[in-house]
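Protein chains in written order, with the numbering used here: chain A, 519 to 688; chain B, 691 to 883.
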Amino acid sequence: MTDLLIPGLVVFTLLYGLIRGVDLYDAMICGIRDGLGVCLRIFPAVLIMLVAVTMLRASGAIDLLAAFLAPVLRAVGFPPDCLPLALLRPFSGSGALSVGSDIIRASGPDSYAGRVAAVMLGSSETSFYTIAVYSAALGLKNTRYALPAALCADLAAFLSSALAVRLFFG
Amino acid sequence: MLMSRVLLILLALALVFGLLTGRISQVSQATLSGAQQAVELLLSIAGALCFWSGLMEVMNRSGLSKRIAALLRPLILLLFGRDGRDSEAASALSQNMAANLLGLGSAATPAGLRAAARLHTLAQGRGEPPHGVFLLIVLNTASLQLFPTTVAAVRAACGASSPYDILPAVWLSSAISVATGIFAAKLFRRLSP
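So, in structure tokens, the structure goes:
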């Protein structure tokens with residue numbers, strides 16, 4: 519089903535654009551140039567975070583923490599390998615992409631932990647950053663319950679990622 | 691400043707644990723391999739990221755994202771109550787949500803900020819705390835994206851047999867996360883004085 523979805527979306531988008539009189543080629547070229555800009559913009563942060571996370575992994579700290587928390591994590595069905603991703607996700611989008619891809623590469627993209635990492639990346643956002651952007655733009659001094667509610671949503675995303683992977687991939 | 695602290699903590703932990711576990715030489719090598727991995731990661735996902743970015747530009751120019759925004763109006767009435775009946779707020783809110791659904795991050799934030807400013811003004815007019823703004827923030831901290839293409843590109847780069855096969859799992863997990871965020875926001879609002 520998902521194999522049909524993506525080509526279908528591509529063709530539908532282009533057809534819709536064609537019907538609405540969009541210069542498809544020009545739009546694609548402009549969008550791709552924007553995409554290149556995004557790549558360049560996130561590169562510095564990805565590099566810093568990947569160096570930091572690779573160093574932390576090499577030091578054994580992540581393995582120790584995962585081993586220490588493994589009984590708790592197993593009880594809720596969460597793969598210990600994905601713990602660093604859960605810890606970093608609310609703080610840094612580039613960091614999460616770095617750690618997530620590190621987990622996907624190390625565990626294998628079709629492994630349980632690799633899939634859970636991918637679903638976590640796809641179903642959560644950088645909560646602290648988002649709250650910072652909105653409160654700075656509005657000059658809000660107190661966001662009250664926004665942060666706790668956002669962190670509840672993140673926690674739900676992490677736990678349900680593991681649940682959904684088990685449900686769909688057994 | 692937040693990220694500086696996060697970074698310092700990560701590196702300090704790496705140094706301390708590297709010394710304790712006797713793996714300091716691996717930690718030293720990691721500075722090189724991590725930097726190399728960053729280049730490899732960016733190169734391996736850049737193509738897919740750029741392609742989707744091109745397709746999204748077509749969605750924007752053709753008005754497809756506006757069309758989806760219009761479909762979201764009833765949902766906004768449901769979530770934001772009387773703020774959703776304000777046409778300026780509802781229009782910005784629906785654009786923000788549509789952009790999030792399509793993964794148009796660069797369009798989502800400006801629309802979100804416009805919606806937040808309007809919701810803030812409406813709440814101030816009533817002399818209330820801006821609960822609509824808080825709900826909007828919570829919605830934007832949860833992921834509504836239908837096609838997480840960057841993640842799929844990372845999976846493809848790592849040799850996944852079917853990079854998009856995680857989509858149903860992502861949708862289920864996103865839905866649970868968003869519902870939890872909305873529920874938590876409404877609950878905490880009631881509990882807060």
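Don't be surprised by glycine CBs; every beta carbon is placed ideally from N, CA and C.
Bear in mind that the values here come from a model prediction, so they are computed numbers and not experimental data.
At what residues does the alpha helix (DSSP H) containing Ile856 of chain B begin and finish?
No alpha helix (DSSP H) holds Ile856 of chain B; DSSP gives it neither H nor E.
Indicate the three-state DSSP secondary structure (helix, strand or coil) for Ser642 of chain A in the structure shown.
strand
Taking only runs of the alpha helix (DSSP H) that begin and end inside the region 748-801 of chain B, which ones reach a length of at least 4 residues, in chain order?
754-761, 763-770 and 777-792
Could you run through the region 866-883 of chain B and flag, in chain order, every residue whose CB is less than 9 angstroms away from some CB of chain A?
Going along the region 866-883 of chain B in chain order, one finds Ile866, Ser867, Val868, Ala869, Thr870, Gly871, Ile872, Phe873, Ala874, Ala875, Lys876, Leu877, Phe878, Arg879, Leu881 and Ser882 with a Cβ nearer than 9 angstroms to chain A.
Nearest-angstrom Cα distance between Leu767 of chain B and Ala779 of chain B?
If you take the alpha carbons of Leu767 of chain B and Ala779 of chain B, they lie about 11 angstroms apart.
Measure from the alpha carbon of Tyr647 of chain A to the alpha carbon of each residue in A:Leu606, A:Ala675 and A:Ser625, then state which is nearest.
A:Leu606
I want to see whether chain B comes within less than 7 angstroms of Val540 of chain A, judged by CB atoms only; does it?
yes
Straight-line CA distance for Leu803 of chain B to Leu783 of chain B?
9 angstroms
Could you tell me whether the Cβ of Pro800 of chain B comes closer than 7 angstroms to any Cβ of chain A?
no
Rounded to whole angstroms, what's the CA-CA distance from Leu705 of chain B to Thr839 of chain B? Just pull it up for me.
Whole-angstrom Cα-Cα distance: 35 angstroms.
Along the region 593-620 of chain A, what residues have a CB closer than 9 angstroms to any CB found in chain B?
Leu606, Pro608, Phe609, Ser610, Gly613, Leu615, Ser616, Gly618, Ser619 and Asp620
Quick check: the region 745-756 of chain B against the region 569-589 of chain A, are there 3 or more CB pairs under 8 angstroms?
no
Could you check how far apart the C-beta atoms of Ile735 of chain B and Val844 of chain B are, in whole angstroms? I think they sit under 8 angstroms.
6 angstroms
Count Cβ pairs between the region 628-635 of chain A and the region 786-793 of chain B that sit closer than 8 angstroms; are there 3 or more?
no
Count the CB pairs spanning the region 677-684 of chain A and the region 539-547 of chain A that are closer than 8 angstroms, and state whether there are at least three.
Fewer than three Cβ pairs drawn from the region 677-684 of chain A and the region 539-547 of chain A lie within less than 8 angstroms of each other, which leaves the two stretches out of contact.
Check whether the region 852-867 of chain B touches the region 828-836 of chain B, counting contact only when three or more Cβ pairs, one atom from each stretch, lie closer than 8 angstroms.
Yes, the region 852-867 of chain B touches the region 828-836 of chain B.
Name, going along the chain, the residues of the region 824-835 of chain B whose beta-carbon falls closer than 8 angstroms to a beta-carbon of chain A.
Phe824, Leu826, Ile827, Val828, Asn830, Thr831, Ala832, Ser833 and Gln835: these are the residues of the region 824-835 of chain B whose beta carbon lies less than 8 angstroms from some beta carbon of chain A, given in chain order.
Is Ala832 of chain B closer than 7 angstroms to Ser867 of chain B when the C-beta atoms are compared?
yes
Reducing DSSP to helix, strand and coil, say where Ala832 of chain B ends up.
DSSP places Ala832 of chain B in strand when its eight states are reduced to three.
Out of curiosity, what's the CA-to-CA distance linking Val841 of chain B and Thr661 of chain A?
30 angstroms
Closest Cβ-Cβ distance between Met787 of chain B and chain A: below 7 angstroms?
no
For Lys876 of chain B, name the three-state secondary structure that DSSP assigns.
helix
Please compile the residues from chain A whose C-beta is within a distance smaller than 7 angstroms of the C-beta of Glu818 of chain B.
Neighbours of Glu818 of chain B on chain A: none; closest Cβ ~12 angstroms, over 7 angstroms.
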